[in-house]
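Please read the structure below before turning to the comments.
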Amino acid sequence: MAKYSILLSIKESYLFTRNSLGLIFHPYKTIRSLIRERDYSQILLLISLPAYVLAGGLGVIWFGRRLIHAPYGVWGFYTKVGVLGTFTFSFAIFCYLGFWVWQVWKIKNK
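Numbering that gives the first Met the number 0 applies: residue 0 is where the sequence shown begins, and numbers increase by one.
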């Protein structure tokens, strides 16, 4: 059972990496093929990409504040910039994905 779990996780990791790079170089083709193949696990992983970026960025900020023993409730300039940058980058990824999903949906329903 563990062997199959490891093989499945390797396969899903490979597909996630391939599809993530596909979103950078040819997003229309990547999203169209995912919808056509009905690969719901990969669709869910890619649609959740902004949430991963947001959680990772906020986690790094939280961990960094714990490392320097920053006082609770006091947000410095760099923390504010980091949080704003994390939210902005996550929102930009969300808009990028939304735009390409809309393009695929628009042409599919013509």
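Glycine is no exception: its CB is placed at the ideal position from the N, C-alpha and C atoms. All figures in this text were calculated on a predicted structure; none of them were measured in a lab.
message: Report the start-end ranges of each alpha helix (DSSP H) in the stretch 73 to 106 that is 4 residues or longer and not cut off at the edges.
response: none
- request: Answer yes if the stretch 41 to 54 comes into contact with the stretch 11 to 27, meaning at least three C-beta pairs across the two stretches below 8 angstroms, and no otherwise.
  value: yes
Separation of Trp101 from Arg64, as counted between CA atoms: Position 65 of the sequence shown, counted from the start, is the residue given in the question as residue 64. Position 102 of the sequence shown, counted from the start, is the residue given in the question as residue 101. In a straight line, the C-alpha of Arg64 is about 39 angstroms away from that of Trp101.
task: Put Lys10 into one of helix, strand or coil per three-state DSSP.
output: Within the sequence shown, residue 10 is the residue found at index 11, counting from 1. The answer is helix: DSSP assigns Lys10 an H, G or I state.
task: Would you kindly work out how many angstroms separate the C-alpha atoms of Pro49 and Gly84, rounded to a whole number?
output: In the sequence shown, counting from the first residue as 1, residue 49 sits at position 50. In the sequence shown, counting from the first residue as 1, residue 84 sits at position 85. So the two alpha carbons sit approximately 13 angstroms from each other.
Three-way DSSP call (helix, strand, coil) for Arg17 in this model: Reading the sequence shown from its first residue, position 18 is the one you call residue 17. Here Arg17 carries a helix assignment [DSSP, helix/strand/coil].
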